[in-house]
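Here's the structure, in structure tokens; my notes come after.
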Amino acid sequence: MVSIRKPPLRARKVLTMAAHRKNHSGDFIVLSEARQNNLKGVDLRIPKGKLTVFTGVSGSGKSSVVFDTLAIESQRQLNETLPAFVRHRMPKYERPDAGVMENLSTAIVVDQRQVGGNARSTVGTMTEILPMLRVLFSRAGTPSAGPSHMYSPNDPRGMCEECQGLGTTVRLELDKLLDEDKSLNEGAIRFPSFAVGTFQWQLYGESGLFDPDKRLRDFSAKDRELLLHGKGFTVDRAGRNGVYKNEYEGVVERFTRRYITPGLDHAKSKERAEIERVVTQGPCPVCHGGRLNKAALASRIDGDNIADFSAMEITDLIERLARIDAPAVKPVVAGARAALERIQAVGLGYLSLGRQTRTLSGGEAQRLKMVRHLGSSLTGLTYIFDEPSVGLHPRDVRRMNDILLALRDKGNTVLVVEHDRDVIAIADHVVDMGPGAGRDGGEVTFEGTPAGLRRSGTVTGKQLRSVTGLKEEVRSPTGELTVRAAKLHNLRDVTVGFPTGVLTAVTGVAGSGKSTLVSKVFTAQYPDAVVIDQSSVGISARSNPATYTDIMGSLRQRFARASGEKPGLFSFNSEGACPQCGGKGVIETDLAFMDPVTTVCEACDGRRFNDEALRHTVGGRTVVDVLAMTAEEASDFFDDAPVRRKLALLTEVGLGYLTLGQPLSTLSGGERQRLKLAHRLKETGTVYVFDEPTTGLHMSDTRRLLDLFDRLVDGGNTVLVIEHDLDVVKHADWVVDLGPEAGSQGGRVVFEGTPAELARAKGSHTGRSLAADLRTAREHSSS
Numbered sequence: 000m001v002s003i004r005k006p007p008l009r010a011r012k013v014l015t016m017a018a019h020r021k022n023h024s025g026d027f028i029v030l031s032e033a034r035q036n037n038l039k040g041v042d043l044r045i046p047k048g049k050l051t052v053f054t055g056v057s058g059s060g061k062s063s064v065v066f067d068t069l070a071i072e073s074q075r076q077l078n079e080t081l082p083a084f085v086r087h088r089m090p091k092y093e094r095p096d097a098g099v100m101e102n103l104s105t106a107i108v109v110d111q112r113q114v115g116g117n118a119r120s121t122v123g124t125m126t127e128i129l130p131m132l133r134v135l136f137s138r139a140g141t142p143s144a145g146p147s148h149m150y151s152p153n154d155p156r157g158m159c160e161e162c163q164g165l166g167t168t169v170r171l172e173l174d175k176l177l178d179e180d181k182s183l184n185e186g187a188i189r190f191p192s193f194a195v196g197t198f199q200w201q202l203y204g205e206s207g208l209f210d211p212d213k214r215l216r217d218f219s220a221k222d223r224e225l226l227l228h229g230k231g232f233t234v235d236r237a238g239r240n241g242v243y244k245n246e247y248e249g250v251v252e253r254f255t256r257r258y259i260t261p262g263l264d265h266a267k268s269k270e271r272a273e274i275e276r277v278v279t280q281g282p283c284p285v286c287h288g289g290r291l292n293k294a295a296l297a298s299r300i301d302g303d304n305i306a307d308f309s310a311m312e313i314t315d316l317i318e319r320l321a322r323i324d325a326p327a328v329k330p331v332v333a334g335a336r337a338a339l340e341r342i343q344a345v346g347l348g349y350l351s352l353g354r355q356t357r358t359l360s361g362g363e364a365q366r367l368k369m370v371r372h373l374g375s376s377l378t379g380l381t382y383i384f385d386e387p388s389v390g391l392h393p394r395d396v397r398r399m400n401d402i403l404l405a406l407r408d409k410g411n412t413v414l415v416v417e418h419d420r421d422v423i424a425i426a427d428h429v430v431d432m433g434p435g436a437g438r439d440g441g442e443v444t445f446e447g448t449p450a451g452l453r454r455s456g457t458v459t460g461k462q463l464r465s466v467t468g469l470k471e472e473v474r475s476p477t478g479e480l481t482v483r484a485a486k487l488h489n490l491r492d493v494t495v496g497f498p499t500g501v502l503t504a505v506t507g508v509a510g511s512g513k514s515t516l517v518s519k520v521f522t523a524q525y526p527d528a529v530v531i532d533q534s535s536v537g538i539s540a541r542s543n544p545a546t547y548t549d550i551m552g553s554l555r556q557r558f559a560r561a562s563g564e565k566p567g568l569f570s571f572n573s574e575g576a577c578p579q580c581g582g583k584g585v586i587e588t589d590l591a592f593m594d595p596v597t598t599v600c601e602a603c604d605g606r607r608f609n610d611e612a613l614r615h616t617v618g619g620r621t622v623v624d625v626l627a628m629t630a631e632e633a634s635d636f637f638d639d640a641p642v643r644r645k646l647a648l649l650t651e652v653g654l655g656y657l658t659l660g661q662p663l664s665t666l667s668g669g670e671r672q673r674l675k676l677a678h679r680l681k682e683t684g685t686v687y688v689f690d691e692p693t694t695g696l697h698m699s700d701t702r703r704l705l706d707l708f709d710r711l712v713d714g715g716n717t718v719l720v721i722e723h724d725l726d727v728v729k730h731a732d733w734v735v736d737l738g739p740e741a742g743s744q745g746g747r748v749v750f751e752g753t754p755a756e757l758a759r760a761k762g763s764h765t766g767r768s769l770a771a772d773l774r775t776a777r778e779h780s781s782s
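0 is the number of the first residue of the sequence shown in numbering that gives the first Met the number 0; add one for each residue after it.
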């Protein structure tokens, strides 16, 4: 039920002296008897200085080898070289469950996680190009504002005082916060934490300062000012244990201090939505979005200030920097241009340095992280990438491949977990994991060249040989959902109709405006659409498929009815938790500066529940027995239709092999993506919007996803899919292609029609990629 890291048995495999000498060759990373997660004693010799791609169905064990074993061990051994005092304050890694792990080098992991960050984190700060521009302006700006920190919006000496360097201000809208036709007792303050009966409401409704039954519009000017802006004295407030004296703050004063001054980034997601309902955000009226004080904004180079430079698209900024020829700043200009040109080379020239990192897609963030390493002069490293093709158009995949090869050619070892055919094709070495997923995987099914993998009988090999063509017939639409005059972000007054009753693929290069058009504008105009986006799934060790899909509640209720006990007894997060391990199933021992040790809890033997919970059964099974069932097996245990429907959806998306109690922290990215898909599909609707649903999916899993789309459409629904995967595009009934490029060069509809018509269209990058893919399909069918 729970994945346990057993203490490694270092002597699982006895090597002969000859084999031992061979394994110690510095030309290979050596891995022996790896049993991390679902791995079944994996042995590998990975060539160093080469590009190795790990393939296999989602959940087959790729990430367990690359990230949970090799990357973790590299980081753990690197930490061991540091003094104990430093190690004690750094992240601690437990030794992976493997026998031999040798010839490792320092690992740099570039994963799919979004960069995030607060409102002050931008592309310029992330790439460290903005500090170069600050140096540039401190030396060449006229008039100079002083040292480089005087040009920083994150330094009190350079930031705009009005907006504190954020570039935007948040203003409270009283007509949205207050209902003038209601009294305080009737809930005139329309904000949850000021609702009738709350502590904050008591400051106004029970303080004796106001008539709580008088409508706000009938307040005198004096009482209104006191209600909104009064401060500097205390009032009495009735509490559970008597009367308390509290500092009085008017509604506006209190709201501003608690919710506006700290910034919306500090609010919880639900609370933030409520705050945004009663405030208006806009450019700062003093700096007009420039984020800097007057002195910094007055400093210019040939008419442009540093805010102008930050707002330019990177492609335009490169050209702008090329016109600066002052001898004193040539090294700074050269360094900035080189860094910008690397970003442009990976297809991100449409970004600006002022773009907030939290607005970047996973694909954009990953490419920026990759680009940072291109400027490094270090060699002999191991670079580890988690599906770097995610979020990339086929054209951009080729650019990304050039980065991988450049890193290899600098003398590094490059390990890539990937499903994309074009990435697999450039590998020097391929390791295919399988044969299935979960407990049906964890084995090496192929090692060799991409050509050898294509000829193999593995699931990946068969998919590489099977390149599909266009489907024979497309569906006829039943109507149309129109988006009119869309101008958000880079959209250029777009009006487009999305046909109903069919599968529509929305395509275009990254940054062309696809997500803006569909996930933002379309869903705003059609709010009843069910949106399944790229947001992450929580990876808590206490969360599992049963809790995530709300099956656990039904399970607890069923055991409670059968036993007469409270439902909480059948939760390892509540009354049913083992008292020794707190419901974790394991005991984690922190040994200060030494590696931590995780052992199976002896009290519950890893089952996570206490004896009282395990005393009760339903159909002869304990709650632990049920959580150990796979989704497919559990459908026979549950008799209520809603739960069986949820289990059927898990099977539909290819997760029937997952046990209900498997911690989400042990799932791969593709598994978590499909789990989210299954959870959201329980919602009924006539319009579904999917934002890159193939993220993390093996080619065989994509075929299963297309079957699911077909069932949704044939059931009378409309499906819109934002996608780069050409297998999805070929399977669509209709395609809307945006472009022709990204950023200011995109935002237009360049094609509307069937996939067959797209393959013949001129001026579309997607059309050219689709035509090339169809030629490959024809070559495969004739060979």
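Backbone N, C-alpha and C define an ideal beta-carbon position, used for all residues, glycine too.
> Thinking C-beta only, is residue 311 closer than 8 Å to residue 351?
Replying inline: Here residue 351 is taken as the residue at index 352 of the sequence shown, counted from 1. Here residue 311 is taken as the residue at index 312 of the sequence shown, counted from 1. Against a cut-off of 8 Å, the Cβ pair of residue 311 and residue 351 comes out as a contact.
>> Using only the alpha-carbon positions, how far apart do residue 775 and residue 466 sit?
In response: Within the sequence shown, numbered from 1, the residue matching residue 775 stands at position 776. Within the sequence shown, numbered from 1, the residue matching residue 466 stands at position 467. So the alpha carbons of these two residues sit roughly 7 Å apart.
>> Quick check on residue 296: buried or exposed, where buried means 16 or more other Cβ atoms within 10 Å of its Cβ?
In response: Position 297 of the sequence shown, counted from the first residue, corresponds to residue 296. With 16 or more other Cβ atoms within 10 Å, it is buried.
> What's the C-alpha gap between residue 797 and residue 460?
Replying inline: Only positions 0 to 782 of the chain appear in the structure, and residue 797 is not among them; the question remains open.
>> Give the list of continuous beta strand (DSSP E) stretches no shorter than 3 residues that lie fully inside the region 52-113.
In response: 99-101 and 106-109
> Of the choices 667, 680 and 709, whose alpha-carbon is the least far from that of residue 694?
Replying inline: By one-based count along the sequence shown, residue 694 stands at place 695. Checked all of 667, 680 and 709; the closest Cα to residue 694 is 667.
> Under a Cβ-count criterion, where at least 16 other Cβ atoms within 10 Å of its own Cβ denotes burial, should residue 23 be classed as buried or exposed?
Replying inline: Looking up residue 23 in the sequence shown gives position 24. At residue 23 the pLDDT is 47, less than 50, meaning the model places this residue with poor confidence; the figure from the coordinates comes in the next sentence. Burial call: exposed.
>> On the CB-based measure, 16 or more other CB atoms within 10 Å of its CB, does residue 276 come out buried or exposed?
In response: Taking the first residue of the sequence shown as 1, we reach residue 276 at position 277. Residue 276 comes out exposed.
> Is residue 556 buried or exposed, if buried means 16 or more other CB atoms sit within 10 Å of its CB?
Replying inline: Sequence index remark: in the sequence shown, residue 556 carries index 557 (1-based). Residue 556 comes out exposed.
> How far does the beta strand (DSSP E) with residue 170 in it reach, from first residue to last?
Replying inline: Within the sequence shown, the letter at position 171 stands for residue 170. Unbroken beta strand (DSSP E) run through residue 170: 167-171.
> Roughly how far, in whole angstroms, is the beta-carbon of residue 749 from the beta-carbon of residue 762, given that I think they are within contact range, below 8 Å?
Replying inline: Translated into positions along the sequence shown, residue 749 becomes position 750. Translated into positions along the sequence shown, residue 762 becomes position 763. Between residue 762 and residue 749 the Cβ distance is about 6 Å, and since that is below 8 Å, they are a contact.
>> Going by DSSP, what residue range makes up the alpha helix (DSSP H) through residue 544?
In response: Along the sequence shown, one-based indexing puts residue 544 at 545. Element bounds for residue 544: 544-547.
>> Going by C-alpha to C-alpha distance, which of 507, 646 and 638 sits closest to residue 766?
In response: The sequence position of residue 766 within the sequence shown is 767, counting from 1. Answer by Cα proximity: 507.
>> Given a cut-off of 8 Å on the beta-carbon distance, is the pair residue 57 and residue 676 in contact?
In response: Sequence index remark: in the sequence shown, residue 57 carries index 58 (1-based). Sequence index remark: in the sequence shown, residue 676 carries index 677 (1-based). Their beta carbons are not under 8 Å apart, which means residue 57 does not touch residue 676 by this criterion.
>> According to DSSP, simplified to helix, strand and coil, what is residue 428?
In response: To locate residue 428, count along the sequence shown from 1; it is residue 429. Three-state DSSP puts residue 428 in a strand.
>> If I follow the unbroken alpha helix (DSSP H) through residue 556, where does it start and stop?
In response: On the sequence shown, residue 556 is found 557 positions in, with the first residue counted as 1. Where residue 556 is concerned, the enclosing alpha helix (DSSP H) stretches over 550-562.
> Between residue 161 and the rest of its own chain, which residues show a CB-CB distance below 6 Å, the 5 nearest in sequence each way excluded?
Replying inline: Here residue 161 corresponds to residue number 162 of the sequence shown, with the count starting at 1. Hits under 6 Å: 283 and 285.
> Which runs of the alpha helix (DSSP H) spanning at least 4 residues fall entirely within the region 689-777, listed in chain order?
Replying inline: 698-713, 725-730 and 754-758
>> With a threshold of 7 Å on Cβ separation, who are the neighbours of residue 545 within its own chain once the five nearest residues in sequence on each side are excluded?
In response: Taking the first residue of the sequence shown as position 1, residue 545 is located at position 546. Same-chain partners within the cutoff: 551, 554, 626, 659 and 660.
> Are the region 482-497 and the region 513-521 touching, with three or more C-beta to C-beta distances below 8 Å?
Replying inline: yes
> residue 729 and residue 754: beta carbons closer than 8 Å?
Replying inline: Position 730 of the sequence shown, counting from 1, holds the residue named residue 729. Position 755 of the sequence shown, counting from 1, holds the residue named residue 754. Cβ atoms of residue 729 and residue 754: closer than 8 Å.
>> Under 8 Å: do the region 408-422 and the region 368-385 share three or more Cβ pairs, one atom per stretch?
In response: yes
> Does DSSP put residue 230 in a helix, a strand or coil?
Replying inline: Within the sequence shown, numbered from 1, the residue matching residue 230 stands at position 231. The answer is strand: DSSP assigns residue 230 an E or B state.
> Can you find at least 3 beta carbon pairs, one from the region 211-228 and one from the region 239-256, that sit closer than 8 Å?
Replying inline: yes
> How would you call residue 12, buried or exposed, if buried means at least 16 neighbouring beta carbons within 10 angstroms?
Replying inline: Taking the sequence shown and counting its residues from 1, one reaches residue 12 at position 13. Because the pLDDT at residue 12 is just 41, under 50, the model does not fix this residue reliably, and the value given afterwards should be weighed accordingly. It counts as exposed.
> Can you tell which of 281, 300 and 304 has its C-alpha closest to the C-alpha of residue 292?
Replying inline: Here residue 292 refers to the residue found at position 293 when the sequence shown is read from its first residue. Measuring from the Cα of residue 292, the nearest candidate turns out to be 304.
>> Beta-carbon within less than 6 Å of residue 20's beta-carbon, same chain only, minus the 5 sequence neighbours each way: which residues are those?
In response: For this step, residue 20 is matched to residue 21 along the sequence shown. In this predicted model, residue 20 has a pLDDT of only 44, less than 50, meaning its place in the structure is not dependable enough to derive any value.
> According to the Cβ coordinates, are residue 144 and residue 325 closer than 8 Å?
Replying inline: Here residue 144 refers to the residue found at position 145 of the sequence shown. Here residue 325 refers to the residue found at position 326 of the sequence shown. No, Cβ-Cβ distance for residue 144 and residue 325 is not below 8 Å.
> What is the DSSP secondary structure of residue 670, reduced to helix, strand or coil?
Replying inline: As a working mapping, residue 670 is identified with position 671 in the sequence shown. Helix.
>> In the DSSP assignment, the beta strand (DSSP E) including residue 280 goes from what residue to what residue?
In response: In the sequence shown, counting from the first residue as 1, residue 280 sits at position 281. Here the beta strand (DSSP E) through residue 280 covers 278-282.
> Do the region 411-430 and the region 149-163 make contact, defined as three or more Cβ pairs closer than 8 Å?
Replying inline: no
> According to DSSP, which residues form a beta bridge with residue 158?
Replying inline: Against the sequence shown, residue 158 aligns to sequence position 159. Beta-bridge pairing links residue 158 to 291.
> In terms of DSSP beta bridges, what is residue 586 paired with?
Replying inline: Position 587 of the sequence shown, counted from the start, is the residue given in the question as residue 586. In the DSSP output, where bridge partners are listed per residue, residue 586 has 598.
>> Suppose contacts are defined by Cβ-Cβ distances below 8 Å. Is residue 787 in contact with residue 93 by that definition?
In response: Because the chain here runs from 0 to 782, residue 787 falls outside it and cannot be looked at.
> Is residue 722 buried or exposed, if buried means 16 or more other CB atoms sit within 10 Å of its CB?
Replying inline: Within the sequence shown, numbered from 1, the residue matching residue 722 stands at position 723. Its Cβ being crowded by 16 or more others within 10 Å, residue 722 is buried.
> Which term fits residue 133, buried or exposed, when burial requires 16 or more other beta carbons within 10 angstroms of its beta carbon?
Replying inline: Along the sequence shown, one-based indexing puts residue 133 at 134. Answer is buried; the Cβ neighbour count reaches 16.
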